[in-house]
Every structure is written in C-alpha cells, then in structure tokens.
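Asks:
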Amino acid sequence: MTDEVPKGSEPETSESLKAFGEVVKVFRRRAGLTQEQFAPLVGYSLPMVASIEQGRRLPSKEFVEKAEEVLDAFGALRAAAKHLTRKAGLAKWFEEWAELEPQAVTLYTFENRLVPGLFQTPAYARTLFEEQIPAMSDDQIASNLTRRLERTSILTERPHTIYSFTIEEHVLRRQVGSPDIMREQIDHIIELSERRNIDIQIMAQSRGYHAGLGGPFCLLETQENTWYAYCEGQETGQLISDPKVVSIIQQRYARMRAQALPVEASVGLLREIRGAR
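Residue numbers for the sequence shown follow this note's numbering, so the first one is 1 and each next one is one higher.
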C-alpha cells in the first residue's frame with residue numbers, strides 16, 4: 001500500500017512525536033528502567049520502544065495506556081498523546097493503518113498495481129515519487145522516501161510476525177524505472193522470501209479469474225488478536241474494523257492463497273523474471 005502525501009495535504013510536523021518520546025524517556029528513567037527492561041513490561045519490542053522514544057513511530061493507544069500504568073506517569077502520557085500529529089510523508093487516510101502496522105502479529109497483503117510498499121527498494125520507491133502527478137517537490141520526495149523506507153524496517157524488526165504477500169505477476173513484469181532498478185527490486189524480493197516468517201506468492205497471469213479482482217487490500221491481526229483490513233484507491237483509503245466485513249476479506253485472501261502459485265514455484269518465477277531482464 002502507498003502512503004504518499006497528495007496535493008493539498010501539507011505534511012504535518014513530527015515535533016509532537018519527538019516531544020512525546022522525550023516524555024516517555026523521562027518517566028522511564030525516573031522509574032530506573034533501561035529500554036531493555038521497559039520493553040517487555042509494556043509488551044513491545046526493543047526497536048519499537050526505541051523508535052517511539054526517538055519520535056519515529058506513532059504510539060498506539062495500547063502502548064500509551066500500558067506505559068502510563070508501568071511508569072505511573074500521573075496521566076502525563078495520556079495528555080501528551082492527545083496532541084500527537086502524523087509524521088511528514090504520511091497520507092492522512094493512511095495514518096490509522098500505519099499506527100497498527102508496526103504492532104501486527106500477522107500481516108497479509110494483496111497487491112495488483114505495484115510492488116508493495118514494504119518490499120520497495122529506495123530506487124523503485126523514488127521512481128514512483130518522481131513520476132507522481134501532480135509533481136512533488138524535492139523536499140516532498142525526500143520526505144516520502146524516508147517514510148517509505150522507515151516502514152520497511154518492520155520486516156526485520158519483527159521476526160516473529162507472520163507476513164504473507166500475494167502479488168499479481170504483471171506487477172513484477174512491469175518495468176518501473178530502468179532494467180537495473182527492476183533487477184534490484186526483484187533480487188530484494190527474492191532475498192526477503194528467504195526469511196522464515198515471510199511467504200511470497202505470485203498470482204500467475206494464466207490464472208484468469210481469482211478472488212482478488214475487487215482490488216488490493218491488507219489484513220492484520222493485533223497483539224490483542226483483533227483483525228483489521230485496509231483498502232486503498234485514488235486519493236482515498238479506508239480502515240475496516242467491522243468484523244463481518246473483515247471476515248469476508250479474510251475469506252477472499254484464503255481463497256487467493258490457494259489460487260496463487262505455491263511459495264516455491266513463486267520464487268522460481270521470480271528468478272525467471274529476473275533472468276529475463
């Protein structure tokens with residue numbers, strides 16, 4: 001899924017995120033806790049806690065409440081959290097999903113337009129931003145690229161999260177940028193496929209009809225075992241929490257995993273596409 005800022009959406013300051021991180025740090029130190037000691041007490045990874053304290057991650061409501069309790073913060077964290085704003089480079093409609101994404105224990109993605117954002121190399125992502133309509137300024141491109149690359153870190157920071165990606169074959173055959181950019185992009189996907197917690201399946205062009213023709217979407221499960229879905233279109237995005245609707249999308253993804261090529265065959269096709277460039 002994408003997260004670039006559209007025309008008319010001015011990037012918001014991240015100063016509030018930095019300020020919140022400093023407040024957490026002050027109360028953590030007051031409690032005599034290191035980040036290593038604090039992380040398991042709030043139920044989050046050390047990299048996630050570090051990112052929040054550095055102002056690079058938007059904390060979830062669950063984190064705020066747990067940190068407030070663990071640090072006996074007198075309501076200061078809850079108060080500071082009310083004034084948090086999103087980071088530059090994050091589209092408004094993507095904000096809620098971005099808050100949930102780094103905490104997912106399960107994350108499924110179907111994409112039929114372009115390489116999923118979590119997989120994109122810097123060169124591939126930069127090409128997308130440089131070709132955006134309306135045109136972006138250099139500062140906007142840099143801001144969006146930074147945010148995109150920060151998102152990708154969850155694939156390595158959360159090795160216990162289960163990731164499943166189903167991608168249409170034509171997405172991988174479409175040349176975005178130069179042949180070198182696409183070779184590097186496909187090599188990167190192949191490298192990610194070697195991780196034990198990441199499954200990549202390709203929906204072959206020969207498949208014809210499949211359960212995902214309604215459009216791209218994401219599904220995730222939180223640490224509280226609550227499921228959400230996210231769908232995105234032109235200049236719009238929707239976070240779906242209605243269990244009945246989420247269940248329908250889960251059923252579609254389950255069918256798609258049976259319709260797509262198996263993991264091993266998908267990696268083989270990736271190597272074939274890479275070799276043809």
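C-beta atoms are modelled at their ideal positions from N, C-alpha and C, and glycine is treated no differently.
Can you tell me the Cα-Cα spacing of V42 and Q140, whole angstroms?
Replies: Their Cα atoms are separated by approximately 34 Å.
Asks: Does the distance from the CB of S206 to the CB of V267 come in under 8 Å?
Replies: No, these two residues do not count as a Cβ contact at 8 Å.
Asks: Please identify the residue among V70, S143 and N197 whose C-alpha is closest to the C-alpha of Y108.
Replies: Selected option, being the one with the closest Cα: N197.
Asks: Looking at the unbroken alpha helix (DSSP H) that takes in A258, where does it start and where does it end?
Replies: Note, A258: alpha helix (DSSP H), P243 to Q259.
Asks: Just curious, the beta strand (DSSP E) that S164 is in, first and last residue?
Replies: I162 to E168 is the extent of the beta strand (DSSP E) around S164.
Asks: Assuming M203 is part of the alpha helix (DSSP H), what are its boundary residues?
Replies: Here M203 belongs to no alpha helix (DSSP H); instead the beta strand (DSSP E) covers I198 to M203.
Asks: Given this structure, state the Cα-to-Cα distance separating A98 from L145, to the nearest angstrom.
Replies: Between A98 and L145, the C-alpha separation is close to 15 Å.
Asks: Could you tell me the distance, in whole angstroms, from the CA atom of R183 to the CA atom of R158?
Replies: Looking at the two C-alpha atoms, the distance is approximately 26 Å.
Asks: For I189, does the count of other Cβ atoms within 10 angstroms reach 16, so buried, or fall short, so exposed?
Replies: Buried, because 16 or more other Cβ atoms sit within 10 Å of the Cβ of I189.
Asks: Grouping DSSP H, G and I as helix and E and B as strand, with all else coil, what is F119?
Replies: Of the three classes helix, strand and coil, the one that applies to F119 here is helix, per DSSP.
Asks: Answer yes if the region 53 to 72 comes into contact with the region 28 to 44, meaning at least three C-beta pairs across the two stretches below 8 Å, and no otherwise.
Replies: Counting Cβ pairs under 8 Å, three or more are found: they touch.
Asks: For G212, which of S178, F165 and T226 has the nearest alpha-carbon?
Replies: With distances taken between Cα atoms, G212 lies closest to F165.
Asks: According to DSSP, simplified to helix, strand and coil, what is Q186?
Replies: One detail in the question is off: residue 186 reads as Ile in this sequence, not Gln. Three-state DSSP puts I186 in a helix.
Asks: Output the boundary residues of the alpha helix (DSSP H) element that contains L239.
Replies: No alpha helix (DSSP H) contains L239, which is instead part of the beta strand (DSSP E) from T236 to I240.
Asks: Let me know if G208 comes out buried or exposed under the rule of 16 or more other beta-carbons within 10 Å of its beta-carbon.
Replies: The residue is exposed, with fewer than 16 neighbouring Cβ atoms inside 10 Å.
Asks: What separation, rounded to the nearest whole angstrom, lies between the Cα atoms of T66 and I162?
Replies: Per the sequence presented here, residue 66 reads as Lys, with Thr not at that position. For K66 and I162, the distance between alpha carbons rounds to 24 Å.
Asks: In its own chain, which residues sit with a C-beta less than 8 Å from the C-beta of P116, not counting the 5 before and 5 after it?
Replies: Only M1, T109, F165 and I167 meet the Cβ criterion.
Asks: Let me confirm a value: R148 is counted as buried when at least 16 other C-beta atoms fall within 10 Å, else exposed. Which label applies?
Replies: Buried: at least 16 other Cβ atoms inside 10 Å.
Asks: Using the three-state DSSP reduction, which class does A98 fall into: helix, strand or coil?
Replies: Helix, per DSSP.
Asks: Would you kindly work out how many angstroms separate the C-alpha atoms of S153 and Q54, rounded to a whole number?
Replies: Going by the C-alpha atoms only, they are around 15 Å apart.
Asks: Just to confirm, is the Cβ distance from S60 to Q120 under 8 Å?
Replies: No, the pair does not count as a contact, with Cβ atoms beyond the cut-off.
Asks: From K25 to E95, what does the alpha carbon distance come to, in whole angstroms?
Replies: Cα to Cα, K25 sits roughly 24 Å from E95.
Asks: Which partner residues does G233 have in the DSSP bridge list?
Replies: For G233, which the question treats as bridged, DSSP gives the partners T236.
Asks: By a C-beta neighbour count over all protein chains shown, 10 Å radius and 16 as the cutoff for buried, is S51 buried or exposed?
Replies: Counting Cβ neighbours within 10 Å, S51 comes out buried, since at least 16 surround it.
Asks: Taking three-plus beta-carbon pairs below 8 Å as touching, is the region 240 to 257 in contact with the region 224 to 231?
Replies: The region 240 to 257 vs the region 224 to 231: in contact.
Asks: Starting from the Cα of C218, find the closest Cα among F27, H210 and Q250 and give me that residue.
Replies: When each option's Cα is compared against that of C218, the closest is Q250.
Asks: Short check: CB of V263 to CB of I200, under 8 Å?
Replies: Yes, the pair counts as a contact, with Cβ atoms nearer than the cut-off.
Asks: Does the beta-carbon distance from A76 to F27 come in below 8 Å?
Replies: Yes; because the gap between Cβ atoms is below 8 Å, this pair is in contact.
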